[in-house]
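Sequence lines, in order, name chains L and A. For the first sequence, counting from 1, position 18 maps to 68 in the working numbering; every step adds exactly one. For the second sequence, counting from 1, position 21 maps to 446 in the working numbering; every step adds exactly one. Beta carbons are placed, not taken as given, at the ideal position from N, Cα and C, and that holds for glycine. Since we're looking at a predicted model, the values are computed, not measured.
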Amino acid sequence: MDWTWFHKWGSPKWFYELSGKWLPWLVGVMVTCLLVGVTWALLFVPQDYQQGLTNRIFYVHVPVASISLAFFPLMAMAGTVFLVWRMKLADVVLKVAAPLGAWFTALALASGSIWGVDTWGTWWVWDGRLTSLLLQFFLLLGVVSLRTALEDSEGAARACALLSIVGCINVVVIKYSVDWWNTLHQPSTNFTLATDQANGPEIWVPLIFMIVAVYLFFAISLILSTRNEILQREKRAQWVMDLVAKS
Amino acid sequence: MQFSNFQEFIEMGGYAFNVWSVYGMFLIFLTFNLYGPLRKNRKIIRDLKRRYALNAQVPPMSAGTDSQSSPGSKTTEEERT
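Pasting the structure below:
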């Protein structure tokens with residue numbers, strides 16, 4: 051089996067150049083989906099019979115929260131690739147993903163709290179999902195602190211990779227907590243195509259737009275931060291010098 | 426449309442604080458994490474330009490040698506942003 055593609059993907063220069071070409075398209079699609087999703091969610095979705103118009107928060111909270119669960123798996127994969135194949139780019143992704151993940155998790159927690167204060171009657175409860183998501187936030191801050199504490203060295207890279215792999219256990223807990231324990235956060239929902247159902251297409255189609263938009267935002271932000279880190283780490287390389295000279 | 430006028434839209438049926446603070450945070454989150462890295466990219470390139478100019482007296486590394494930087498090449502204090 052020819053593995054040259056794998057090592058080519060690991061080249062920082064190749065990544066920098068290719069991502070530069072893809073970014074405008076990704077941003078274009080993201081902005082379109084975001085505009086459609088937000089407009090639809092705010093203006094057109096019918097209000098909930100119990101929650102009234104707070105159901106608009108659903109369209110921010112759900113995409114952000116579900117994508118926040120992707121960070122530890124991403125970091126674990128990047129960490130494993132780094133530990134096994136010594137791929138520099140994998141460690142770059144591992145480094146930049148952690149703070150972005152903290153942002154996502156914080157927004158998921160904050161939006162959920164603000165939604166709950168009037169619909170559940172409380173800002174916070176030590177529910178299975180809320181607690182494990184808060185733990186994820188602390189773990190991500192931990193990964194960031196570990197990197198700084200070990201002064202971004204080879205040891206820091208290994209330690210962060212290991213912590214990321216371990217942190218994936220928590221993601222399983224977050225995802226299944228609502229099925230394992232019958233505490234406050236609602237259980238998983240089934241979306242159907244039938245329009246007469248409580249959660250018909252007029253409810254979940256805008257959600258699809260928002261999920262796509264937020265997912266693309268995640269990719270774009272990650273790519274932008276990765277590019278920055280690559281420039282800093284590869285500053286002694288000829289291709290970086292040429293790039294800087296041209297700009 | 427769920428609202429008959431703009432006033433109703435802003436009020437969100439009494440849930441103005443909840444809905445608008447969440448969407449406001451969302452907007453700040455998006456802006457910070459898109460605009461931030463873009464601005465940093467320009468800053469890095471500017472700083473590198475200056476740095477290369479200062480090092481111009483020292484012969485640069487040959488084109489055949491790719492960067493030897495380890496996963497965490499120590500950056501100087503000024504570059505640590």
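Judged by pairs of C-beta atoms under 8 Å, the stretch 449–457 of chain A does not touch the stretch 175–184 of chain L, as fewer than three such pairs exist. Your pair residue 263 of chain L and residue 87 of chain L checks out as a contact, with CB atoms roughly 5 Å apart and the cut at 8 Å. For residue 282 of chain L, the enclosing alpha helix (DSSP H) has its first and last residue at 251–283.
For residue 167 of chain L, the enclosing alpha helix (DSSP H) stretches over residues 138–169. The DSSP-derived three-state label of residue 102 of chain L is strand. Residue burial annotation: residue 165 of chain L is buried, with at least 16 other C-beta atoms found within 10 angstroms of its C-beta.
At a cut-off of 4 residues, the continuous stretches assigned as alpha helix (DSSP H) that sit fully inside the stretch 195–238 of chain L are 204–230. The three-state secondary structure of residue 178 of chain L, taken from DSSP, is helix. In the DSSP assignment, residue 451 of chain A falls within the unbroken alpha helix (DSSP H) covering 441–479. In this structure, residue 161 of chain L sits near residue 107 of chain L, with a CB-CB distance shorter than 8 Å. Using a 10 angstroms sphere on the CB of residue 259 of chain L, the tally of other CB atoms reaches 16 or more, which defines it as buried. In terms of beta-carbon proximity, residue 435 of chain A stays away from the interface with chain L, with every pair separated by 8 Å or more. Within the stretch 96–121 of chain L, those residues whose Cβ lies closer than 8 Å to any Cβ of chain A are, in chain order, 96, 97, 102, 103, 104, 106, 107, 110, 111 and 114.
Contact of residue 127 of chain L with chain A by beta-carbon distance below 8 Å is absent, the smallest such distance being about 16 Å.
For the stretch 263–278 of chain L, the set of positions with a beta-carbon nearer than 8 Å to some beta-carbon of chain A reads 267, 270, 271, 274, 275, 277 and 278 in chain order. Contact note: residue 164 of chain L reaches chain A through 443, 446 and 447, using a C-beta cutoff of 7 Å and chain order. Closest option to residue 100 of chain L, judged by alpha-carbon separation, among L/224, L/118, L/156 and L/171: L/171. Note on geometry: alpha-carbon atoms of residue 66 of chain L and residue 73 of chain L lie some 11 Å from one another.
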